[in-house]
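Inspection log for the structure reproduced underneath, given as structure tokens.
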Amino acid sequence: MYTYDEYDQKLVRERAAQFRGQVERRLSGELTENEFKPLRLQNGLYLQLHAYMLRIAIPYGVLSSTQMRKLAEVSRTYDRGYGHFTTRQNLQLNWPKLEDVPKILDELAEVEMHAIQTSGNCIRNITTDPLAGVARDELEDPRPFCEITRQWSTFHPEFAFLPRKFKIAFNASGDNDRAAMKYHDIGVKIVDRDGERGFEIWVGGGMGRTPVISKLIREFLPREHLISYLEAVLRVYNQLGRRDNIYKARIKILVNETGPDEFRRLVEAEWEDTKESSLRLDEAEIERMRGFFSAPDYESLPSSDELLGQIRSGDGALARWARNNVVVHKQPGYSAVTLSLKEPGTPPGDLSDSQMDTVADLADTYSFGEISVTHIQNLVFPHVKTSELESLHADLVALGLATPNIGRINDMICCPGLDFCNLANARSIPIAQEITERFEDIDYQDDLGELALKISGCINACGHHHVGHIGILGIDKRGVEHYQLMLGGSAGDDASIGKILGRSFPAEEIVEAVERVLKTYVDLRESPEEAFLQTFRRVGEDPFRDTLYGDVLYADHSKS
Amino acid sequence: MPNVPTCYVITGSLTEEGLVAYLRADGTWASSIADAHPFESEAEAEARLAEVKGAESIITEPYVFAAERSGDTIRPTSAREILRAEGPSTRLRRPDHAAS
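Chain order of the listed sequences is A and B. Position one of the first sequence corresponds to residue 1 (this note's numbering), numbered consecutively onward. Position one of the second sequence corresponds to residue 1001 (this note's numbering), numbered consecutively onward.
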């Protein structure tokens, strides 16, 4: 993984020292909240429903075991002994005191971490595939380009006050998009054309109150022009993006209002002036960056595909876990393992301090000390010897992180919701927990097959409800929590936005509504192999609307 | 139908800790809504709020909300204020398998 040079180290330490001074001035009353707010947001510090919340950056989701131990220590010392992994592959602490935040930033700087640009109207954490570097289907490891982009975007003076926040994601695995790339302000897809490696550039995707799938703005960008082209996109957005209306300020609105063709013309015109500037990447710099992400010291082993197949073919807990939580690796003899943070009865994405410590130890034992955070709020050990899967499984069972539900209905994305968030209209976590309990039977989950359920507590869509095969959106109806149900979304390369089928449900009815949807799917699917999304796209929304709103129990919703 | 509000409460976040606080009758801040001063009218609460806004180093983003009052008990009516008063409705941390 990338290691800081003297400039990175100095920059992060000076930023922590600067924020210490700002906090002191806030606590003394020298700074008002209005003056302090933009300063704290630039350092990832929010004021939420019950307390401050600090969002710690985990660039493109890559963590070392040393960093994970530091997160455990910080959670234990300065918070309430746990942290929450987010859809931007970051970690949030829900209870830090303001006076402790500079100390936390100092501690993080010791292990090359920070909270810079995890909030505010700037370029946020770069995200990518949690299997980057090990996926068998990737063209190349995207992380060197993520790091180049991170360095370019960090403290970029021109883009410190954009019209609105800005998110960039990379995908290097063709149609197997595991980074929700098409719902980002910019999606960068590594592609080959006529034997040359480069990028597709997608612009203007996003969720929030106006979900939009991004548009292909450039079919092929030679890789040396990555940064100059990103800069051209940002310049056009910075100049023309709306600043008069926060709800129309994201680049997706600009691209829609301008039209993709005109937007492309504007970007290309801007780019013409800068493409041969110092922003041009030379091969030596790309190679230098690749050096940080070279493969660990793998043992030379024969292929373990057959062994993995044998493990999966059993009928016990290990076999099921190997089927659902383990994927093949590009290095012979190795596998990649997802640690489920979706144990029934726990908030999705949460990890206690002691679990963090043990995860770090296990990463050292089994995965060369490397851990990835997924945007679906799980962790990945990217380099596990297939012959050690049984041993790792036993350790993860003891830790509560071996729930074999990856890709199943209970592997849901869930925002903090009204239990924590100042923006939320309704709670998300209790609904997620009720769903995990209602559908805890893993045989039933496996029978349902691939199913992405996503819950947001408000229209800002931090829980990605628009792209859930089943999406749930919390709303406020005259002070009472209600939930809208939508179906048919997808965050993958076959991106689609879910459709709302009818009136919302009160909290006590929403899980039963989900169960009705599932029963309808099982009744309508052509075979157990036809996944929920395929069935929904084949039969359309009417049968699901009928089951939700067509009988006596739900008749009142059609009238209200 | 929403309940008719019967009192008004001033709340905000303690600047140092970020925690929820309610204005007492004596002008200090309490962590429990049970200790909040119930204002009879919104106008009275808003007038007091204007004074409170000067104490930036103690309280951040104070505001007034409506609540029900039954005897000595103050009960918020919105889901948001109920959660602020009572805390998260979920268990705060995962079962600690690692420590067992």
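Every residue gets a Cβ at the ideal spot worked out from N, C-alpha and C, and that includes glycine.
Counting beta carbon pairs with one atom in the stretch 108–119 of chain A and one in the stretch 382–399 of chain A, are three or more of them shorter than 8 Å?
no
Hey, does P1062 (chain B) have any beta-carbon neighbour from chain A nearer than 7 Å?
no
Cβ pair T274 (chain A), S340 (chain A) closer than 7 Å:
no
Please determine, among A:Q92, A:L49, A:S75, the residue with the shortest C-alpha to C-alpha distance to T1081 (chain B).
Correcting the residue identity first, residue 1081 (chain B) is Glu in this sequence and not Thr. Out of A:Q92, A:L49, A:S75, A:L49 has the C-alpha closest to the C-alpha of E1081 (chain B).
Might you give, ordered along the chain, the residues of its own chain that have their beta carbon closer than 8 Å to the beta carbon of R209 (chain A), omitting 5 neighbours on each side?
Y247, I459, N460, A461
Opposing strand residues paired with I1010 (chain B) [DSSP bridges]:
B:V1064
Using a Cβ cut-off of 7 Å, pull out every chain A residue sitting near S1078 (chain B), in sequence order please.
G479
Spatially closest choice to D494 (chain A) from A:S456, A:D177, A:E30, A:P344, by CA coordinates:
A:D177
Could you spell out where the beta strand (DSSP E) holding A336 (chain A) opens and where it closes?
334–339
Could you run through the stretch 306–318 of chain A and flag, in chain order, every residue whose CB is less than 9 Å away from some CB of chain B?
none
Looking only at its own chain, which residues have a Cβ that is under 6 Å from the Cβ of W95 (chain A), when we skip the five neighbours before and after it?
A51, D79, R80
Do you know whose CA, among A:E509, A:Q534, A:I510, lies nearest Y521 (chain A)'s CA?
A:Q534
Measuring straight from C-alpha to C-alpha, what distance separates A1036 (chain B) and E1046 (chain B)?
15 Å
Taking S1013 (chain B) as the query, report the chain A residues whose CB atoms sit under 7 Å from its CB, ordered along the chain.
L47
Name the chain B residues whose beta carbon is nearer than 7 Å to that of I429 (chain A)?
T1090
Under the DSSP definition of a beta bridge, which residues are partnered with D476 (chain A)?
A:E481
Straight-line CA distance for L1083 (chain B) to N425 (chain A)?
11 Å
For a contact meaning CB atoms closer than 8 Å, what does L1019 (chain B) contact in chain A?
H50, A51
Indicate whether F166 (chain A) and G198 (chain A) have their beta-carbon atoms separated by less than 7 Å.
no
Compare the C-alpha of D181 (chain A) against each of A:D192, A:V191, A:R193, A:I168 and name the closest.
A small fix is needed here, since residue 181 (chain A) is Met in this sequence, not Asp. That would be A:I168, whose Cα lies nearest to the Cα of M181 (chain A).
Can you tell me whether W202 (chain A) is helix, strand or coil according to DSSP?
strand
Per the DSSP calculation, F19 (chain A) is bridged to which residue(s)?
In the DSSP output, where bridge partners are listed per residue, F19 (chain A) has none listed.
Going by DSSP, which residues form a beta bridge with I123 (chain A)?
A:F166
Select from A:R288, A:R408, A:E231, A:G498 the residue whose C-alpha is nearest the C-alpha of W321 (chain A).
A:R408
Assuming G489 (chain A) and S496 (chain A) are in contact, meaning their beta carbons sit under 8 Å apart, how far apart are those beta carbons, in whole angstroms?
6 Å
Would you kindly report the start and end of the unbroken beta strand (DSSP E) that includes T1073 (chain B)?
1073–1076
Output yes or no for whether 7 Å exceeds the beta carbon distance between T1077 (chain B) and G187 (chain A).
no
What does E1016 (chain B) reach in chain A if we use C-beta pairs closer than 9 Å?
L27, K97, L98, E99
Could you give the first and the last residue of the continuous beta strand (DSSP E) run that contains V212 (chain A)?
Run containing V212 (chain A): none; DSSP gives neither H nor E here.
Outcome for K189 (chain A) when other beta-carbon atoms lying within 10 angstroms are tallied against a minimum of 16:
buried
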